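Residue numbers (this note's numbering): 17 to 177.
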Ligand code: MG
């Protein structure tokens, strides 16, 4: 029987002026960007937590604590690569990932393909193994008021034989 593990991840970051908006490693033109110790790539952070959660390895705050200056301004794709190495070292590989970004603005649809390609390249999988979707929050809650952007992710892992 094939051994499978599933994990989920969630993250939210605040939108502020004077920061880049980076989602799935793609820099998206917008008048606001996400605030955080790293590049605040909320989608990549949710994906990392889903991968770690699938193997009960804790969360990204444990591996890359915001209190540690070495992660200041960190490229989250680099952190994702490290999390993927943890997964591979333990004898697991990604079957597929799925995710959704909750953002009122800007329109993310034109950028979803580029996000999938960047994430796939870092993870050593195909873009078809990664779902990246975007939805608005119908002007409700912090995402709807454009105070922040959140992301949800699911990871399915398969044990290597
Ligand atoms: Mg985060």
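The beta-carbon is built from N, C-alpha and C at its ideal position, and this holds for glycine as well.
Quick caveat: nothing in here was measured; it's all calculated off a predicted structure.
Name the DSSP bridge partner or partners of residue i?
i           : result
residue 27  : 167
residue 48  : 33
residue 115 : 148 and 169
residue 128 : According to DSSP, which records beta bridges pairwise, residue 128 is partnered with nothing at all.
residue 110 : 173
Given a cut-off of 8 Å on the beta-carbon distance, is the pair residue i and residue j in contact?
i           : j           : result
residue 129 : residue 28  : no
residue 147 : residue 114 : yes
My understanding is that residue i touches residue j, with C-beta atoms under 8 Å, so please give their C-beta distance in whole angstroms.
i          : j           : result
residue 66 : residue 170 : 6 Å
residue 41 : residue 135 : 7 Å
residue 48 : residue 37  : 7 Å
Could you work out which residue in the options is closest to residue i when comparing CA atoms only?
i           : options               : result
residue 144 : 84, 58, 112 and 158   : 112
residue 152 : 122, 172, 142 and 132 : 122
residue 109 : 25, 36, 26 and 172    : 172
residue 26  : 176, 59, 79 and 50    : 59
residue 119 : 46, 176, 80 and 94    : 46
residue 138 : 92, 62, 80 and 43     : 92
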